[in-house]
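2 protein chains.
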Amino acid sequence: MLPFKSLIQLDKSSATPVFVQLSNQLGQLIRAGTLASGQRLPGTRQLAELLQLNRQTIVAAYDEGLAQGWLESRSGSGTYVAAHFPDVKPQPLLPGQSETVTESPQDKPGYLFETNPLLVRPLLTYSAGLHLDDGFPDIRLAPMEELGRAYRSYFRWGNPQQHFGYADTKGHPLLREQLSVYLNETRGLRTKPDNILITRGSIMGLHLTCQTLLQAGDRVVTGETTWFGATMNIRKTGASILTVPVDQHGMDMDALAELCQKQRSVARPIRMVFVTPHHHYPTTVTLRADRRIRLLQLAEQYGFAVLEDDYDYDFHYLSRPILPLASADQRGMVVYVGSLTKSVAPAFRIGYVVAPTALINALAQLRRIIDRQGDPMLEFAIGQLFKTGDLRRHFRKSLRAYHARRDHFCDLLATELKEVVQFTKPDGGMAVWTTFDTVIDMDSLALQASREGLSLASGSIHNPPGQRLNGTRLGFASSTEDELEQGVAILKKVVEKFRYTDSR
Amino acid sequence: MLPFKSLIQLDKSSATPVFVQLSNQLGQLIRAGTLASGQRLPGTRQLAELLQLNRQTIVAAYDEGLAQGWLESRSGSGTYVAAHFPDVKPQPLLPGQSETVTESPQDKPGYLFETNPLLVRPLLTYSAGLHLDDGFPDIRLAPMEELGRAYRSYFRWGNPQQHFGYADTKGHPLLREQLSVYLNETRGLRTKPDNILITRGSIMGLHLTCQTLLQAGDRVVTGETTWFGATMNIRKTGASILTVPVDQHGMDMDALAELCQKQRSVARPIRMVFVTPHHHYPTTVTLRADRRIRLLQLAEQYGFAVLEDDYDYDFHYLSRPILPLASADQRGMVVYVGSLTKSVAPAFRIGYVVAPTALINALAQLRRIIDRQGDPMLEFAIGQLFKTGDLRRHFRKSLRAYHARRDHFCDLLATELKEVVQFTKPDGGMAVWTTFDTVIDMDSLALQASREGLSLASGSIHNPPGQRLNGTRLGFASSTEDELEQGVAILKKVVEKFRYTDSR
Numbered sequence: 195m196l197p198f199k200s201l202i203q204l205d206k207s208s209a210t211p212v213f214v215q216l217s218n219q220l221g222q223l224i225r226a227g228t229l230a231s232g233q234r235l236p237g238t239r240q241l242a243e244l245l246q247l248n249r250q251t252i253v254a255a256y257d258e259g260l261a262q263g264w265l266e267s268r269s270g271s272g273t274y275v276a277a278h279f280p281d282v283k284p285q286p287l288l289p290g291q292s293e294t295v296t297e298s299p300q301d302k303p304g305y306l307f308e309t310n311p312l313l314v315r316p317l318l319t320y321s322a323g324l325h326l327d328d329g330f331p332d333i334r335l336a337p338m339e340e341l342g343r344a345y346r347s348y349f350r351w352g353n354p355q356q357h358f359g360y361a362d363t364k365g366h367p368l369l370r371e372q373l374s375v376y377l378n379e380t381r382g383l384r385t386k387p388d389n390i391l392i393t394r395g396s397i398m399g400l401h402l403t404c405q406t407l408l409q410a411g412d413r414v415v416t417g418e419t420t421w422f423g424a425t426m427n428i429r430k431t432g433a434s435i436l437t438v439p440v441d442q443h444g445m446d447m448d449a450l451a452e453l454c455q456k457q458r459s460v461a462r463p464i465r466m467v468f469v470t471p472h473h474h475y476p477t478t479v480t481l482r483a484d485r486r487i488r489l490l491q492l493a494e495q496y497g498f499a500v501l502e503d504d505y506d507y508d509f510h511y512l513s514r515p516i517l518p519l520a521s522a523d524q525r526g527m528v529v530y531v532g533s534l535t536k537s538v539a540p541a542f543r544i545g546y547v548v549a550p551t552a553l554i555n556a557l558a559q560l561r562r563i564i565d566r567q568g569d570p571m572l573e574f575a576i577g578q579l580f581k582t583g584d585l586r587r588h589f590r591k592s593l594r595a596y597h598a599r600r601d602h603f604c605d606l607l608a609t610e611l612k613e614v615v616q617f618t619k620p621d622g623g624m625a626v627w628t629t630f631d632t633v634i635d636m637d638s639l640a641l642q643a644s645r646e647g648l649s650l651a652s653g654s655i656h657n658p659p660g661q662r663l664n665g666t667r668l669g670f671a672s673s674t675e676d677e678l679e680q681g682v683a684i685l686k687k688v689v690e691k692f693r694y695t696d697s698r
Numbered sequence: 195m196l197p198f199k200s201l202i203q204l205d206k207s208s209a210t211p212v213f214v215q216l217s218n219q220l221g222q223l224i225r226a227g228t229l230a231s232g233q234r235l236p237g238t239r240q241l242a243e244l245l246q247l248n249r250q251t252i253v254a255a256y257d258e259g260l261a262q263g264w265l266e267s268r269s270g271s272g273t274y275v276a277a278h279f280p281d282v283k284p285q286p287l288l289p290g291q292s293e294t295v296t297e298s299p300q301d302k303p304g305y306l307f308e309t310n311p312l313l314v315r316p317l318l319t320y321s322a323g324l325h326l327d328d329g330f331p332d333i334r335l336a337p338m339e340e341l342g343r344a345y346r347s348y349f350r351w352g353n354p355q356q357h358f359g360y361a362d363t364k365g366h367p368l369l370r371e372q373l374s375v376y377l378n379e380t381r382g383l384r385t386k387p388d389n390i391l392i393t394r395g396s397i398m399g400l401h402l403t404c405q406t407l408l409q410a411g412d413r414v415v416t417g418e419t420t421w422f423g424a425t426m427n428i429r430k431t432g433a434s435i436l437t438v439p440v441d442q443h444g445m446d447m448d449a450l451a452e453l454c455q456k457q458r459s460v461a462r463p464i465r466m467v468f469v470t471p472h473h474h475y476p477t478t479v480t481l482r483a484d485r486r487i488r489l490l491q492l493a494e495q496y497g498f499a500v501l502e503d504d505y506d507y508d509f510h511y512l513s514r515p516i517l518p519l520a521s522a523d524q525r526g527m528v529v530y531v532g533s534l535t536k537s538v539a540p541a542f543r544i545g546y547v548v549a550p551t552a553l554i555n556a557l558a559q560l561r562r563i564i565d566r567q568g569d570p571m572l573e574f575a576i577g578q579l580f581k582t583g584d585l586r587r588h589f590r591k592s593l594r595a596y597h598a599r600r601d602h603f604c605d606l607l608a609t610e611l612k613e614v615v616q617f618t619k620p621d622g623g624m625a626v627w628t629t630f631d632t633v634i635d636m637d638s639l640a641l642q643a644s645r646e647g648l649s650l651a652s653g654s655i656h657n658p659p660g661q662r663l664n665g666t667r668l669g670f671a672s673s674t675e676d677e678l679e680q681g682v683a684i685l686k687k688v689v690e691k692f693r694y695t696d697s698r
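So the protein sequences, as listed, match chains P and A.
The numbers in the first sequence follow my numbering, run straight up by one, and end at 698.
The numbers in the second sequence follow my numbering, run straight up by one, and end at 698.
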């Protein structure tokens, strides 16, 4: 008999059950040829003694092998390695094709292929250490226990074909229902579940909307400063972007009206206007109420769609935030896009589009050929957290934490960095738009800061070409007050060096 | 004092902790005005007695209210409803805008908008009752317990910012590593993790590849019969589709060679060929080895990309399946797309693209503006199941079950329906391609069958326009042998009616 005791190594403290470990290792011995086809295995009692295991463990391991077909049971005589081993031996396509890997994989394809320069942009990610990021949430506050509980209940209960089969492309019915109520209550919308498409983050909502509404050659308007995720999606359709100035009250509506008129006169009408009215990205200013109404009037007058990206409506620190454009839209001019990834955690990719049903249906048709459906477990879990109130409780808790962090961070900026940084305290959101003294080169600043252990964006993604805003977003939400102090201390130290070395 | 005992209803058997229930209900009383701003709440000891709860439960519920800001603690005097209740009162945009919902939501948008007729196709879904579907897996066999365990470990352990923050657009490193090993072992590929992009189902792989490689006006070849998910994605780019015949050995390579020559001569070269060589969709035939080699040669000669959709390679019932085209690709001509959704369950949307790194990078750049990243929990869980061997064990178990189901189903077709159905026993996959006697109208057949409790596809999505194949796919994998017998009995009964009513 083979020396099973030395061949088989079991780890009773492992998360993998012992019978599974044993079955795996028997399978490996067979594949390696150590156990040959037709060979008889020790009896279960005998092997149990040898390995000092319960006999039921051996029976379970053998049963696995029988179920998988690499063991056979012969009645009255025991368990054998299968005579016709079902392991597949695929046919190589080329004669002499080696089974061992020698060539390195290809780097470049053999067909014509051009990368799209539009899409080559830096990807913002979390930093493990100290950071003043683009405005990300503090994941440490997220309701993980509640989410874990909702996931567990999804795994445990219900019909598996319903829970894990193909699902509705528009999203889990529970989430669409709950979200509809939530949006109507908090944002003054008038949605029904049929007006909602659940997406994977707000970016999928932008993507589907641009791909559905725009064609090559169309004209789209954004602010002079704007979110690169939107401009990339607009340009991908072949549409061109025209910009209007953004001041401390948001996008300039007189400039937009003039542009609409001009474009109509050259038969190149505006097809869409992209706005982030709650907090303009990146500068965080709020679009004033009268400008919002003017924007809706212009949309009706010129027939363009308003793509309203309300990415951080859940975070405002004034008691009377202005309702979204979509709340006052009487004629179906607004496509309203939002997200919960900034309110919970980026890995929980739940975004949504609110629009007339005809558009929602068209967006869903397109989504089918991209990823068919979202994640029904996640959608159920978030729906459940709306239902239990856990999510609203979480929003309120983090709102309070972020409010305190914003105040503390702005105090720090005003005291520690007042000579080089200009900013306005934002009414909401998760980041402060800061502009630095032109003595300071933003790219070098980011580099120097990272050497001192502080990660921050240089702002190059926010600055329109040809302008030298020397600005960047500094996110306060994902750091505690203590961490913010440490971050600002590093920033101060690095800035001092610039001022010292500046010879003017 | 308010009659708290009757106002508050707690359910100790609920999954929601009692203190959360209590805190929710106090919040509701405040929002409803029953508890007014500034009002003092009972002491924790007093309320505990009233509600017959542990005092710690009351303390925890009050703490929630304090954290959320709707309660205030005044030192030495107790807990009060906050004087400045932080509930937001948003400003309506339009004067006189009603807070109550009276208007019905819009059905049609106010801007110009056309639906894309390309995208309007029926969506295949699971049926709850008896069914002979398009070839879906049996979710009852899926390793749910193991997946649930992997999910739990993801929730419990590790740094939350790493686990739930922004993740790598190309997929979780564990899964890319494990998948690379698995593909190299089972399919003779020579991948490294850098050659792999994890997608959401194979359809996202097709979408990204078509959007990246094709431009409007390009020519793409598919079989005369083919998968509508691919044709929809190809046409969405503005490319046109040319077709070549498919016989019992797959796509006709002489016809393809002739077409390549012809298209080159008119300066409209073929840019891509889409194939499902393992089991041609929908007819399940296997592309013969010599034709595969010829296809690769043509790709090199004419410079087109081969999009190989290997959607069901894990299910073959012969001991020597032919390796994919990608295994013999020396020049980087093949983009290899696969999926685990057919091998585990559709809700676990894991697909992948294998290609030269330059293309993988470009696909990832595009994916960023569509959904940014996949689901790190799911990707981790599937990677973990590869690592423990659970997934390979599951593949082998379901392979054996499906093998037996195929044999049983084909026996049933051959005995019960031999006079009206023609088919060839498939070498693998999850469905049999059947063609019915032309006496039988397939749409009516599907309708009649559904009235008798059997859901089946009419095949209209499989038949190229202008041909009357009268064929459909009948999936056997998702039904037990007993369910297959019941399904075939209904089919037989319905078919008899057609033959009886046919007057010829």
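All C-beta atoms, glycine included, are put in the ideal place defined by N, C-alpha and C.
Keep in mind it's a predicted model, so treat the numbers as computed, not measured.
For residue i, collect the residues of the same chain with a Cβ closer than 6 Å to its Cβ; drop the 5 residues on either side in sequence, then sort them by chain order.
| i | result |
| --- | --- |
| P/Pro570 | Ala361 and His366 |
| A/Thr251 | Val212 and Phe213 |
If you measure from the beta carbon of residue i to each beta carbon in chain C, is any gap under 9 Å?
| i | result |
| --- | --- |
| A/Ser217 | This model lacks chain C altogether, as its protein chains are P and A. |
Closest by CA to residue i, which one among the options?
| i | options | result |
| --- | --- | --- |
| A/Val528 | A/Pro515, A/Phe509 and A/Leu501 | A/Leu501 |
| P/Ser533 | P/Gln355, P/Gly545 and P/Glu452 | P/Gly545 |
| A/Asn389 | A/Leu216, A/Leu611 and A/Ile554 | A/Ile554 |
| P/Phe330 | P/Phe670, P/Val682, P/Arg693 and P/Glu690 | P/Phe670 |
| P/Phe468 | P/Val415, P/Thr431 and P/Gln356 | P/Val415 |
| A/Ala261 | P/Arg587, P/Ser654 and P/His656 | P/Arg587 |
| P/Phe358 | A/Leu383, A/Phe358, A/Arg346 and A/Ser321 | A/Ser321 |
| A/Thr210 | P/Ile392, P/Phe580 and P/Leu517 | P/Phe580 |
| P/Thr309 | P/Pro463, P/Arg693, P/Gln495 and P/Lys430 | P/Lys430 |
Please list, in chain order, all residues of the same chain as residue i whose beta carbon is under 7 Å from its beta carbon, the five residues on each side excluded.
| i | result |
| --- | --- |
| P/Gly444 | Pro471, His474, Val479, Thr480, Leu481, Arg482 and Arg485 |
| A/Ser292 | In this predicted model, A/Ser292 has a pLDDT of only 49, less than 50, meaning its place in the structure is not dependable enough to derive any value. |
Please classify residue i as buried or exposed, where buried requires at least 16 neighbouring CB atoms within 10 angstroms.
| i | result |
| --- | --- |
| P/Arg543 | buried |
| P/Pro540 | buried |
| P/Arg343 | buried |
| P/Ala424 | buried |
| P/Ser513 | exposed |
| P/Asn427 | buried |
| P/Val547 | buried |
| P/Arg239 | exposed |
I need the straight-line Cα distance from residue i to residue j, nearest angstrom please.
| i | j | result |
| --- | --- | --- |
| A/Leu369 | P/Thr319 | 20 Å |
| A/Lys206 | P/Gly399 | 41 Å |
| A/Phe198 | A/Ala254 | 17 Å |
| P/Gly323 | A/Gln578 | 27 Å |
| A/Leu335 | A/Arg594 | 11 Å |
| A/Leu650 | A/Asn248 | 57 Å |
| A/Pro476 | A/Gln219 | 56 Å |
| A/Lys386 | P/Pro303 | 15 Å |
| A/Val295 | P/Ser459 | Only weak support is given to the placement of A/Val295: the predicted model assigns it a pLDDT of 42, under 50, and the question is left unresolved by the model. |
| A/Ile634 | A/Leu373 | 45 Å |
Note down, in chain order, each residue of its chain lying with its Cβ closer than 8 Å to the Cβ of residue i, except the 5 sequence neighbours on either side.
| i | result |
| --- | --- |
| A/Leu244 | Phe198, Lys199 and Pro236 |
| P/Gly647 | Gly323, Leu324 and Ile684 |
Entirely within the segment 291–352 of chain A and at least 4 residues each: give me those alpha helix (DSSP H) ranges in chain order. 338–350
Let me know the alpha helix (DSSP H) ranges lying completely inside the segment 525–583 of chain A, each 4 residues or longer, listed in chain order. 551–562 and 570–582
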